[in-house]
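As they're listed, the protein sequences go chains A and B.
So the numbering used here is basically just the index in the first sequence, starting at one, shifted up by 60.
So the numbering used here is basically just the index in the second sequence, starting at one, shifted up by 1304.
Cβ coordinates follow ideal geometry from the N, Cα and C atoms, glycine included.
As the structure is a computational prediction, the values presented were derived from the model and not from experiment.
Just below is one structure, and these are the notes that go with it.
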Amino acid sequence: MNFLTTFSAIVFKEALHLRRDPVTLVVTIAIPIFQLIVFGYAIDMEVKNIPTAVFDADRRAGSRELIAALANTEYFDFRENVSSEAELREAIVSGRARVGIHIPPDFTAGALNGSGSSFQALVDGSDSTVAMQAVNVVNSVGLMQSVGRLGRVDIEKLPVDARPRVLFNPDLKSANFFVPGLVGLIMQIVTVFLTAFAVVREKENGTIETLLATPLSRGGLMLGKLVPYAFVGFFEICVVLTLMRFVFGVRVNGDVGLLLLMCFVFLFTALGLGLLISTAAKNQAQAMQMALLVMLPSVLLSGFVFPRESMPAIIYYFSFLIPLTYFIEILRGIILRGADLSSLWSQALALAVYGAAILSLSTLRFSKKLS
Amino acid sequence: MSEIIKLDKLTRKFGSMTAVKDVSFGVEKGSIFGFLGPNGSGKSTVIRMLCGLLEPTSGDAWLDGASVRENSERIKRNIGYMSQSFSLYRDLTVEENLAFYGRIYGLRRERLRKRIEESMELSGITSKRKQLSGTLSGGWKQRLALACSMLHEPGIIFLDEPTAGIDPVARRDLWELLFQLSKEGVTLFVTTHYMDEAERCTHIGYIFLSELMVCGKPAELKMMPEVTPAGTVWLEASSDRITQALSLMKKAPGVMDATIFGESIHIRAREGFGEREAALALEAGGVSLESFRAVKPSLEDVFVSLTRERLKARGAA
Ligand SMILES: Nc1ncnc2c1ncn2[C@@H]1O[C@H](COP(=O)(O)OP(=O)(O)OP(=O)(O)O)[C@@H](O)[C@H]1O
Ligand SMILES: [Mg+2]
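Here it is as structure tokens:
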């Protein structure tokens, strides 16, 4: 009974605070939208139009055909023709080109007399994503050319026809892989900050003094502080998911209702994490630092940037402690693979248990005495 | 009379510093208990322990039979607390603050509305109901805090310097209100630095350097032998040139202490120092004595004497 009394009184009060301060409310809602759009576009993993220089010492039909084939892939943007190996190297060192194609003088001749021919691609390895992409494309173009020459076989009827097919993301759009994770990360950032100041603000403003002299229930206080922000967060996530669909063109393949339900579970966990910070911190500056401390592992270890499977064992197990880990798996599962609860139940359960544990911990941690 | 508040060797340390040391006393139901003492003597700390905001380091206290150590949650239902510094929500209006605290105490609908109106009326803040509390002037903030502390009709109200910074008229209104509440059986525990307010209390406790020095009715305190040791008398003299008169009087043989008290001079002197001796002392400086009479010590005299005795005892030890 005391729990409900406290809960409803606190919800009433927090709602008034929110209404009194519309600027903060608008900013908290605007920031994620802004972040999603900026980061969504900026961190596009697809590499196209790599600046490329070419040293063509052959200048006959064979070399022209090769250059055309490379250009056709749209991965290479031939910007420069140079006339020596040294110049080719210099173009890469200076940064004008990231890939240098060196075609030796006997390239066409080797093709005609059957002795075989070779060309060389120099790749700037300072950006591994670009380098990897370039090497793959050069390899496959080389392979296609070789196959084409082998007695003019019909490419359609190769003896062994391996056809890898990418599931769930057939056109390999990086937005598909990237944006759902980004949605999770942004939601975590916003929600943790929403509640991180909730309790510590009362300490800093001195309002805790009168509040603690009342017979309030700790659980009612915690949940009462959480619920109004859960509504803000839920509105937020709906906006962000809409942007994902219509700005980045990422479709939700699974059940939208299940997706929203999972978002709600995650919101409670993340808001609870914010409350835990708030009960531990002595002032708002401390709460800010703690929130940032939680943020970093969430970005790096949740599987958002690096695949968790390739992490060292310790780090891999540590990543189970991060709620965002589960949420990102759920998001990618429902949005990209169209997975349902039967395959995501373990992550969903982990998230719910995590949330309940964090909320209980922050309730227990909240002391009804002044320190 | 039953003691509704009882302290037994209540002690609180902050690190190695003892803010409250072995304080024991009782407060009768329906009384207005004035808790006095210099800055930093531990008044607010005692109140915070009684309200369950601070854990006592040792000792215990009981409010209506419930121990603050074991039953502070039960106690909190029946007390009101007005803290020394404003601690309500600045971004909420007067009415919203009251509505929030009313709800916390479980007041609902009609009853909540009625109590909000009544307490606004009693503390005279009805005209400011829609104003954000952060924009109220100091005195109005005090009134709002007062309204908040009595909203749920508690049996005991703790008021930590309720009249600090409020105007004389509002101060009188507040005391009228306290008398009225006390008549209804509410026990009031008030700290103040104003001697005229202390005189209005039914009981007084005086705390100095973390320790309780005396506790009792104002009249009893004035009769204490420590304040008026055998062979001393309290006198009151007035003169047209009061400052010169004071310095002359201080030097007069037989006078132990003299202070200005309103329009006149309060004197503590050895027995035998009379009107003739006083007139003589003043004449030496060309000042005339206008009136002279024996008086009872004021509460201020009581506190000053006790403090001085205690310091002397300490110095000797
Ligand atoms: N939370 C705290 N931590 C450390 N010391 C404290 C704390 N609260 C109070 N004190 C110390 O305890 C002593 C008593 O403080 P308290 O506030 O009770 O005095 P007070 O009698 O109310 O003074 P005032 O008349 O100025 O309000 C002071 O020396 C103060 O510095
Ligand atoms: Mg104080």
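Residue i (DSSP reduced to helix, strand or coil)
i	result
ASP137 of chain A	strand
VAL1372 of chain B	coil
ASP221 of chain A	Because the pLDDT at ASP221 of chain A is just 48, under 50, the model does not fix this residue reliably, and the value given afterwards should be weighed accordingly. Looking at ASP221 of chain A - three-state DSSP - the assignment turns out to be coil, as it is neither helix nor strand.
ILE1470 of chain B	coil
LEU1340 of chain B	strand
ARG156 of chain A	coil
VAL213 of chain A	Low confidence applies here, because VAL213 of chain A scores a pLDDT of 49, under 50, leaving its location unreliable; read the following figure in that light. Coil.
GLY1384 of chain B	strand
MET1560 of chain B	strand
ILE1429 of chain B	coil
MET304 of chain A	helix
PRO111 of chain A	strand
ARG1504 of chain B	helix
ARG1412 of chain B	coil
THR423 of chain A	helix
GLY244 of chain A	helix
THR1536 of chain B	strand
ARG1574 of chain B	strand
VAL1490 of chain B	coil
LYS73 of chain A	helix
Min CB distance residue i to chain B below 9 Å
i	result
ARG425 of chain A	no
ASN62 of chain A	yes
GLY279 of chain A	no
LEU283 of chain A	no
SER68 of chain A	yes
THR65 of chain A	yes
ALA290 of chain A	no
PHE72 of chain A	yes
ASN343 of chain A	no
LEU85 of chain A	no
THR270 of chain A	yes
LEU254 of chain A	no
THR88 of chain A	no
ALA275 of chain A	Residue 275 of chain A is actually Pro in this sequence, not Ala. It does; some Cβ of chain B falls within 9 Å.
Distance cut-off 8 Å: residue i Cβ against heavy atoms of ligand 2
i	result
GLU1465 of chain B	yes
SER1348 of chain B	yes
GLN1388 of chain B	yes
Residue-chain proximity (residue i, chain A), Cβ-Cβ < 9 Å
i	result
ASP1368 of chain B	no
GLY1410 of chain B	yes
ARG1415 of chain B	no
LEU1463 of chain B	no
ASP1364 of chain B	no
CYS1452 of chain B	yes
LEU1396 of chain B	yes
GLU1540 of chain B	no
SER1387 of chain B	yes
ARG1407 of chain B	yes
Those residues which DSSP pairs with residue i across a bridge
i	result
ILE163 of chain A	A:ASP116
SER1542 of chain B	B:SER1595
LYS1310 of chain B	B:GLY1330, B:TRP1366
CYS1519 of chain B	B:GLY1509
ASP1464 of chain B	B:THR1495
SER1568 of chain B	B:PHE1565
ARG1316 of chain B	B:VAL1324
VAL183 of chain A	A:VAL159
THR1397 of chain B	B:LEU1436
Check: residue i C-beta below 8 Å from any heavy atom of ligand 1
i	result
LEU1314 of chain B	no
HIS1497 of chain B	yes
SER1320 of chain B	no
ASN1343 of chain B	yes
VAL1327 of chain B	no
ILE268 of chain A	no
ILE1511 of chain B	yes
ALA1653 of chain B	Examination of residue 1653 of chain B is not possible in this model, given that chain B is present from 1305 through 1621 alone.
LEU1357 of chain B	no
LEU320 of chain A	no
LEU1516 of chain B	no
SER431 of chain A	yes
Chain E contacts from the region 1343-1364 of chain B (Cβ-Cβ distance under 9 Å): Although the question refers to chain E, the structure presented lacks it and instead comprises the protein chains A and B.
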